[in-house]
Structures are given as structure tokens and as C-alpha cells.
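Report on the structure given below.
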Amino acid sequence: MMFVKLFVGIDGGGTKTEICVINAAGLELTRLSGGPSNPQAIGFDDAVRELTQLLNQALSSIREDDGGTGTPGPERSEELGGLDKREVLGECEKLDKLGAPGQRWELGLCLGMAGVDTHEDRERVTFAIRSYFEQTGVEAKLLVTNDAEIALMATLDRSFGVLAIAGTGSIVFGRTPDGDCYRVGGWGHLLGDEGSGYRIGLDTLHAVMRSYDGIDPPTAMTPMIEQAYGWERIVELRRYIYQPHIKKQDVAAFARYAIEAAAAGDPPARRLIERSAAALAEQTSALVRKHAWFVQADLVLSGSVFRYSELYRKTFRERLEAAWPDLRLHEARQAPAYGAARLALQLLPGE
Numbered sequence: 001m002m003f004v005k006l007f008v009g010i011d012g013g014g015t016k017t018e019i020c021v022i023n024a025a026g027l028e029l030t031r032l033s034g035g036p037s038n039p040q041a042i043g044f045d046d047a048v049r050e051l052t053q054l055l056n057q058a059l060s061s062i063r064e065d066d067g068g069t070g071t072p073g074p075e076r077s078e079e080l081g082g083l084d085k086r087e088v089l090g091e092c093e094k095l096d097k098l099g100a101p102g103q104r105w106e107l108g109l110c111l112g113m114a115g116v117d118t119h120e121d122r123e124r125v126t127f128a129i130r131s132y133f134e135q136t137g138v139e140a141k142l143l144v145t146n147d148a149e150i151a152l153m154a155t156l157d158r159s160f161g162v163l164a165i166a167g168t169g170s171i172v173f174g175r176t177p178d179g180d181c182y183r184v185g186g187w188g189h190l191l192g193d194e195g196s197g198y199r200i201g202l203d204t205l206h207a208v209m210r211s212y213d214g215i216d217p218p219t220a221m222t223p224m225i226e227q228a229y230g231w232e233r234i235v236e237l238r239r240y241i242y243q244p245h246i247k248k249q250d251v252a253a254f255a256r257y258a259i260e261a262a263a264a265g266d267p268p269a270r271r272l273i274e275r276s277a278a279a280l281a282e283q284t285s286a287l288v289r290k291h292a293w294f295v296q297a298d299l300v301l302s303g304s305v306f307r308y309s310e311l312y313r314k315t316f317r318e319r320l321e322a323a324w325p326d327l328r329l330h331e332a333r334q335a336p337a338y339g340a341a342r343l344a345l346q347l348l349p350g351e
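Residue numbering for the sequence shown is 1 to 351, as defined by the UniProt record's numbering.
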């Protein structure tokens, strides 16, 4: 029996989950995305269900593309629909047959998740995913870590440095070469998340309502939201936002209107984005002060807010470079899921 090694990286976030599979040479075989898997946002059971159905889809797609040999097929990117438990278990039964005749797959899997920060969180996720693989019959070695470590790996090809994440949520994470870890923020949308997509989205909602009340001047964000949601007046926001099914990611979705309006020169939107970037820069400075090594470290900027807002990136850079001129700032070069797959390589060393 010949074992074919595959390396799976998963980036589980508050808005989406991305999975990347590579071979031993680091070549990407497939990439898929699905819904959120942050257990603090959607609950543990739903998070595990999202993870397992993505694993089913990714591994099945490789089997279809290459006959189980671990050679790349066409790149894929799909939004997945929901599967109930019977469907998930049905797919599990198929996975132990993956691989060409005389072959079995051996997996290294690294899972980096927002909302999984404590030892107890990691143990719970590890147990659930290990149970999943026991049902499939696939050999797998697992590493469960946070979303910060995989993002560092994706850009620096190592898991130490400083990372500022501005996605749906936000966190600043630092790890020294000796393995000492520090964090600032990342306490969730009720206790923090300064500079995040959620906070920008919420500030956007506040801004348009203050403008409607005449407290603040008119803003281009108002007609943009009205048009996008098909509303005649912005006051219809109230009926929408207080619906029981509205979640954190629904609020974060409004950040795009602040980003777009700021890019078009709208003064209220520009001030909003600049304040948000300054807030995350303040948290990053607090992290740098925690250890002397961080003063001259590499700092990676990761997350959708950095990616989509030039003004946010510019403001953040200016604040950090003025306060810490020896920091080396890097924009993310690869998706965090790829960084997770690179970490998974270390779980199954070569012969």
C-alpha cells in the first residue's frame, strides 16, 4: 500500500472559511470557500459542520481531478450550500475510498480559527475533527492554532513576527523567535474589535442615522446603502437591522459602503476610515511595547479591510512608521489558508 501525502490548511473566520490543499512540493491542488466557522460567532456545532463539509468537498474534488495521485487539477472556488448531518456522514463514508487502487492518502491538517484561543477551545476542536477522520478512515495528523499564526506563515514563511488582522474582527498578535506569544485585542465585537470590518460597519450605520437626524452633515454613504438595499429612505435600516437573524457578519457587510465612499472622497466616510485605522494602529503600538524584539520585527497586515481600503492601509502605515520607524511592514502575499497548509507540511516530514 502506497501512501500519498496531502497537506490541508483551513482559515476559519467570522465571515467565511477557506480551505487550501497542497502537495509535498507546496503546489496548490485546490482551494474552496464556504460560510463562517468562528465558534464564538455561530456556535460550536455549526462551526464543526462547516469545517467537515468543506473537507468533504475539497478532498472529493481532488479525487475527481487527479484520481487520487495528488497532482493538481483546475483551481476551484465555490460557495457551499448547507448540508445536514446525514449528508455530511454520507460523504464521510466515501472518503475512505479516495486514492487510486493500491493508494491511501495521509493528511497533515492545520486549522487556524478565529475564536479558538484557549487550550480548551483547541482541544474541543481537535477532538471533533479527529472524530471526523476516524469515521472516514483517512490517516491524518492535526494542528489546531489561531488565525494569527497561519497569516504570519502565509507571508513570512515562518510563524514568528507581528501580525495586525483587520477582517470581520480584529486582533494584533506577536510571537518572538523563542516562542513567546502576546496579543492585543481580539476580544470580540462586544468587548473590542477596534478597526475591524464589524466596527466600521457599525460606525457606518451610526453615521448615516446621525446624518439623517441632522446631527452630522450629509454623507454619500446614505444613498449608497439605500440603493443597495432597495430602500426609499434610510430609516428603513431600523426595521432591517433589528431582525433576529441579523448577525455580526451582516453588520460588517456595511463596511464596504464606508470604504467605497471614502475612496470617492466623501469627508464623513474618510474620517470614519481614518479613525478606524488609527484605532488598530494604537493597538499595534501597545503590542510592540510588550517585548523589545518587536521594535524591529516584521509586521504583516492581513484581512479584508487592509485589502480593500487604500486609505485604511495608508493611515495605518503612517501611524506605525511614525511611532516605530524600525518596524518592517508587509502586506499579505498569500491567503492565510495557504499559510496553514504550509504549517501542515511540518506535521508529515519527508522520508
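Backbone N, C-alpha and C fix where the C-beta goes; we use that ideal spot for every residue, glycine too.
Mind checking whether residue 258 and residue 315 have CB atoms under 7 Å apart? no
Can you tell me which residues form a DSSP beta bridge with residue 269? DSSP lists no partner for residue 269.
Cutoff 7 Å; reference residue 317; Cβ partners in own chain excluding five residues on either side: 329
For residue 314, the first and last residue of its enclosing alpha helix (DSSP H): 310-323
Provide the residue span of the alpha helix (DSSP H) that contains residue 120, from first to last. 119-136
Report the CB separation of residue 151 from residue 302 in whole angstroms; it is logged as a contact under 8 Å. 4 Å
Cβ of residue 111 versus every heavy atom of the ligand NAP: is any distance shorter than 6 Å? The ligand NAP is not part of the structure shown, which contains no ligands of any sort.
I'd like to know whether the C-beta atoms of residue 113 and residue 343 end up nearer to each other than 7 Å. no
Cα-Cα, which of 109, 285 and 304 is closest to residue 296? 285
Option in 108, 36 and 188 with minimal Cα separation from residue 348: 108
Since residue 228 is in the alpha helix (DSSP H), which residue starts that stretch and which ends it? 221-229
From the DSSP secondary-structure annotation, give me the bridge partner or partners of residue 298. 328
Per DSSP, what kind of secondary structure is residue 18 in: helix, strand or coil? strand
Just to confirm the assignment, what range does the alpha helix (DSSP H) spanning residue 172 have? Counting along the chain, residue 172 falls outside any alpha helix (DSSP H), though it belongs to the beta strand (DSSP E) covering 170-175.
Tell me which same chain residues have a C-beta within less than 6 Å of the C-beta of residue 30, skipping the five on either side of it? 21, 58, 61, 62 and 76
Residue environment, residue 50, which counts as buried when at least 16 other CB atoms sit within 10 Å: buried
Distance check for residue 319 and residue 333, CA to CA, integer angstroms please. 22 Å
Am I right that residue 263 and residue 219 are in contact with their C-beta atoms under 8 Å? What's the rounded C-beta distance? Not really, about 14 Å apart at Cβ, beyond 8 Å.
Could you pull the DSSP bridge partners for residue 34 from this structure? 17
Given residue 165 as reference, the closest of 157, 158 and 174 once Cα atoms are compared: 174
Between the Cα of residue 53 and the Cα atoms of 267, 323, 35 and 39, which residue gives the shortest distance? 35
The region 302-311 touching the region 115-123, judged by at least three CB pairs closer than 8 Å: no
Buried or exposed, going by whether 16 or more other CB atoms sit within 10 Å of the CB of residue 198? buried
Kindly give me the distance between the Cβ atoms of residue 168 and residue 252, rounded to whole angstroms, as I take these residues to be in contact under 8 Å. 5 Å
Helix or strand or just coil, what does DSSP make of residue 248? helix
Could you tell me the distance, in whole angstroms, from the CA atom of residue 137 to the CA atom of residue 236? 52 Å
Identify the continuous beta strand (DSSP E) that holds residue 182 and give its terminal residues. 181-185
Chain-order list of residues whose beta-carbon lies under 6 Å from that of residue 293 (same chain, five-residue window excluded): 176
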